[in-house]
Amino acid sequence: TPYSIQNAALLAAYRKTDMFYVTERDVSELKAELSPAASPAFITFWKKQTKPATEEDRKKFRNTRQGKDGKFYSTIFVLRHYSVYGVSEVNDVSGKVNEKVKAFAKDTLTRHGDVDDFCEQLKTRGLVIEEGAKEGINPLTGAVVMPPRNSFRSTEAYYETLLHNVFGWVRSIENTPATRKEKYGKYDVLVNELAALSLMAMYGMPRERNSSSYIQKWLTAIHENANALTWIMAWADKAVTVAGEIADGKR
C-alpha cells in the first residue's frame with residue numbers, strides 16, 4: 002500500500018524507494034518470502050479506539066459522546082507502528098503479491114488516469130498553464146508558468162516541476178489564515194515539493210530533481226521552528242486531498 006506524506010518521509014529516511022510495501026503478516030498470508038537482504042522500515046499511524054466512558058472520562062475528555070443506546074463512549078487515539086518491507090524485497094513465490102499490487106493500483110491509483118489527465122481535470126476547475134521562460138505562478142493572472150517541455154532533461158523532471166507549481170496554485174486558492182501565512186509562508190516551497198512527490202509516487206513516477214537543496218531547507222526549517230515539520234507535512238497532505246477534490250468537482 003502507498004503511505005501518507007509523513008510515512009513517505011520515514012521510508013525515505015530508510016532509503017526505501019518502492020511504491021508498495023508489505024508487512025510480515027502480508028508476506029505470510031500471500032505465501033511469499035522475504036529476500037535475505039530485506040531490511041524493515043518503520044511507519045506510524047494513529048488507531049482510533051472507542052470504549053465505554055466512566056463519569057471521570059466524561060469530565061476529562063472532550064471527545065465523549067452519547068451512543069444510540071443511551072450510553073456514553075470515549076474515543077481515544079493510540080500511536081502504533083508497523084515494520085514494513087518494499088515489494089522489491091519480497092520473493093513472490095506464489096505470484097499473489099504481484100496480483101495484489103496490480104489490483105490495488107487498478108482500483109485506487111488510476112483515479113485520474115495519469116498526470117496529464119489530472120491537470121486537464123484541474124483546468125476545467127480554473128487552472129491555467131501558460132508557457133514562459135521561468136517556472137512559477139504569474140502574480141498578475143494566477144496562472145502556472147512552465148518552460149517548454151523539451152527544455153527539461155527528462156519527462157520526470159518536467160512533471161515534478163509542473164506538479165510543484167500546480168500545488169502552488171491549489172494552495173493559493175485555499176483560504177489560509179493570515180497569521181499562519183506570516184508564520185509559515187517561507188516553507189511553502191517545501192509543502193509544494195512534498196505534495197508533488199506524493200502525487201508522483203501515486204502514479205509510479207520516479208523522482209528526477211536534485212534533492213540536496215530541498216534537504217538543506219528541511220534541516221533549516223526544523224532547526225528554526227519545532228512546529229515546522231508537522232505543519233509542512235500536514236499541509237502537503239491537505240494539498241493532495243484538495244487537488245483531488247477539485248479535479249473530481251467536489252470543490
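The opening residue of the sequence shown carries number 2 in the numbering used here; numbering runs sequentially from there. Virtual Cβ for every residue (Gly too), placed ideally from N, Cα, C.
Does the separation of the CB atoms of residue i and residue j fall below 7 Å?
i, j, result
"Ser199", "Val241", "yes"
"Ser40", "Asn92", "no"
"Val116", "Tyr86", "no"
"Asp19", "Val88", "yes"
"Ala248", "Leu141", "no"
"Val243", "Val171", "yes"
"His82", "Phe21", "no"
"Lys48", "Val79", "yes"
"Val102", "Ala33", "no"
"Ala237", "Ala196", "yes"
"Ala54", "Ser29", "no"
"Gly169", "Ile138", "yes"
Give the range of the beta strand (DSSP E) segment to which residue i is assigned.
i, result
"Glu132", "130-132"
"Arg26", "No beta strand (DSSP E) contains Arg26, which is instead part of the alpha helix (DSSP H) from 25-30."
"Arg66", "65-67"
"Val268", "This structure cannot settle anything about residue 268, because the visible part of the chain is limited to 2 through 252."
Nearest to residue i by CA position, among the options, is which residue?
i, options, result
"Lys135", "Ser152, Thr156, Phe168", "Ser152"
"Glu225", "Lys52, Ala33, Tyr188", "Tyr188"
"Met234", "Asn193, Arg150, Thr55", "Asn193"
"Trp232", "Gly245, Gly250, Gly186", "Gly186"
"Gly250", "Ser84, Cys120, Leu12, Glu100", "Cys120"
"Ile174", "Lys239, Gly96, Thr162", "Lys239"
"Ser84", "Leu163, Thr221, Lys17, Glu100", "Lys17"
"Asp58", "Asp118, Val23, Lys72", "Lys72"
"Gln50", "Thr65, Glu56, Lys60, Ala38", "Thr65"
"Leu11", "Thr125, Arg252, Leu230", "Leu230"
"Glu100", "Leu31, Asn8, Tyr15, Glu25", "Leu31"
Helix, strand or coil for residue i? Go by DSSP, reduced to three states.
i, result
"Lys52", "strand"
"Leu123", "helix"
"Asn228", "coil"
"Glu136", "coil"
"Leu195", "helix"
"Glu57", "helix"
"Phe73", "strand"
"Tyr188", "helix"
"Val171", "helix"
"Met250", "At residue 250 the sequence reads Gly, which differs from the Met that was named. Coil at Gly250, not helix or strand."
"Gly87", "strand"
"Leu35", "strand"
"Tyr160", "helix"
"Phe21", "coil"
"Thr242", "helix"
"Thr221", "helix"
"Asp115", "coil"
"Leu11", "helix"
"Thr109", "Because Thr109 sits at a pLDDT of 43, beneath the cut-off of 50, its placement in the model cannot be relied upon, and the following sentence gives the value as read from the coordinates. Helix, per DSSP."
"Leu200", "helix"
What are the residues that DSSP puts in a beta bridge with residue i?
i, result
"Arg81", "Phe46"
"Phe153", "Answer is none; Phe153 lacks a bridge partner."
"Asn92", "Glu34"
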